[in-house]
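Colleague:
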Ligand SMILES: [Fe+2]
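Residue numbers (the working numbering): 5 to 380.
Set out below in structure tokens:
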């Protein structure tokens, strides 16, 4: 098999973008049917099939359960020709549902192919299961099978293209976020590692809360996906703080401290403005909530608004726990680095006053897990 990247690597011309790479890998076709003959006929009929210069790679499974296994081995399968009645009456329909709901695979095109239409009436099957085409086996003469395959592959290709575009936009967004955070950090003494630790811990805390079922009405998949990247932005408002204050070696006086504290609201406003240009919940809206809320305290004694308890956005409460813990275990010019046990004792002391006690509890579990992983 020719590696599509070889072309790029050995070319003397500058790469001219994704168009330069020609994919010649065959499309993967999974045939799921309990009759051996169906496999043989399908392979025969489609032996010279080609779509956009790419042939087919046939993968066979003889039951619904085996079909699931093969699909796990080949998640990049483009089309499934799926029988209905196999090890049990609706084995094919069961697999179709499993593919979408359990494997979360919404790309693969499913062509239901049945010998006994009575077992899966067309309308019902189409409405109740996320299948893409429905054919009876008798109908699948070579011409019909050919057009069904072309239609399915065309759709599959479109979906892949949209997915690639989405990934590209997402990567660009993350790149922008990291650049913004770098700008703020450039002025601050915080290291890049600090920011990355906050990112990992915030993500781990959100996941631990989700596992425990805490704040279930707030933590959904989007929340889990965004919080790590959004957490990077918590101190972005520091770009607006003068270096004389940000880098002052000694303690800040009252006036300087007042200026320093404005970084929370400044970060929130900056991100809020940008976030309005993007529809829907995204990393910038969440970043804005985090920047504005990460110095609020559970008992209402924080800044900038003096919000209390669950009025403080959850994402900000999570990042506050990650941020405070990291500050404790880090060496600063005015203090040594605390041990993990000392830091955790302090976190427990602050639970319910400064910090959300439920999130502090989650931190205990996250740290225990981290420790267990280190010990192997
Ligand atoms: Fe801050």
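Positions of the beta carbon are idealized from the N, C-alpha and C atoms, including for glycine.
Following a CB-centred definition, is residue 239 positioned closer than 6 Å to any heavy atom of ligand 1?
Modeller: At least one heavy atom of ligand 1 is nearer than 6 Å to the Cβ of residue 239, so yes.
Colleague: DSSP three-state call for residue 255: helix, strand or coil?
Modeller: Three-state DSSP puts residue 255 in coil, outside helix and strand.
Colleague: Suppose you measure from the CA of residue 8 to the CA of residue 48; what does that come to, to the nearest Å?
Modeller: With a pLDDT of only 38 at residue 8, under the threshold of 50, the placement of this residue in the model should not be trusted; the figure read from the coordinates follows. One C-alpha to the other measures close to 28 Å.
Colleague: In angstroms, rounded to a whole number, what distance separates the CA positions of residue 329 and residue 272?
Modeller: Going by the C-alpha atoms only, they are around 22 Å apart.
Colleague: Which first and last residues belong to the beta strand (DSSP E) in which residue 81 is found?
Modeller: Looking at the DSSP string, residue 81 is not in any beta strand (DSSP E), and its letter there is neither H nor E.
Colleague: Quick check on residue 206: does DSSP put it in helix, strand or coil?
Modeller: In this structure, residue 206 counts as helix in the three-state DSSP scheme.
Colleague: Leaving out five residues on either side along the sequence, give the residues of the same chain with a beta carbon under 7 Å from the beta carbon of residue 156.
Modeller: Counting only Cβ-Cβ distances below 7 Å, and skipping sequence neighbours, we find 83, 113, 115, 136, 137.
Colleague: Check each candidate in 161, 108, 46 and name the one with the smallest Cα separation from residue 4.
Modeller: An answer regarding residue 4 cannot be provided, because it is not within the stretch 5 to 380 covered by the chain.
Colleague: Is it true that the region 105 to 112 meets the region 61 to 78, where meeting means three or more beta-carbon pairs spaced less than 8 Å apart?
Modeller: Because the criterion of three Cβ pairs below 8 Å is met, the region 105 to 112 and the region 61 to 78 touch.
Colleague: Does DSSP classify residue 303 as helix, strand or coil?
Modeller: In the structure shown, residue 303 sits in coil (DSSP, three-state: anything other than H, G, I, E or B).
Colleague: Look at the alpha carbon of residue 366 and the alpha carbon of residue 38, and state the distance between them as a whole number of angstroms.
Modeller: Cα to Cα, residue 366 sits roughly 49 Å from residue 38.
Colleague: Flag this pair as yes or no: are the beta carbons of residue 308 and residue 279 separated by less than 7 Å?
Modeller: No, the Cβ-Cβ distance between residue 308 and residue 279 is not below 7 Å.
Colleague: In this structure, what does DSSP give as the bridge partners for residue 138?
Modeller: Answer is 116.
Colleague: Determine the extent of the alpha helix (DSSP H) in which residue 248 is found, giving its start and end residues.
Modeller: Taken as a continuous stretch (DSSP letters only), the alpha helix (DSSP H) holding residue 248 covers 247 to 250.
Colleague: Taking one C-beta from the region 198 to 211 and one from the region 309 to 328 each time, how about it: are there three or more such pairs within less than 8 Å?
Modeller: Cβ pair count under 8 Å is three or more, so yes.
Colleague: If you draw a straight line from the alpha carbon of residue 151 to that of residue 62, how long is it in whole angstroms?
Modeller: Whole-angstrom Cα-Cα distance: 17 Å.
Colleague: For the putative contact between residue 348 and residue 377, defined by C-beta atoms under 8 Å, what is the C-beta separation to the nearest angstrom?
Modeller: So it is not a contact: roughly 17 Å between Cβ atoms.
Colleague: How far does the alpha helix (DSSP H) with residue 64 in it extend, from its first residue to its last?
Modeller: Run containing residue 64: none in the alpha helix (DSSP H); it sits in the beta strand (DSSP E), 60 to 65.
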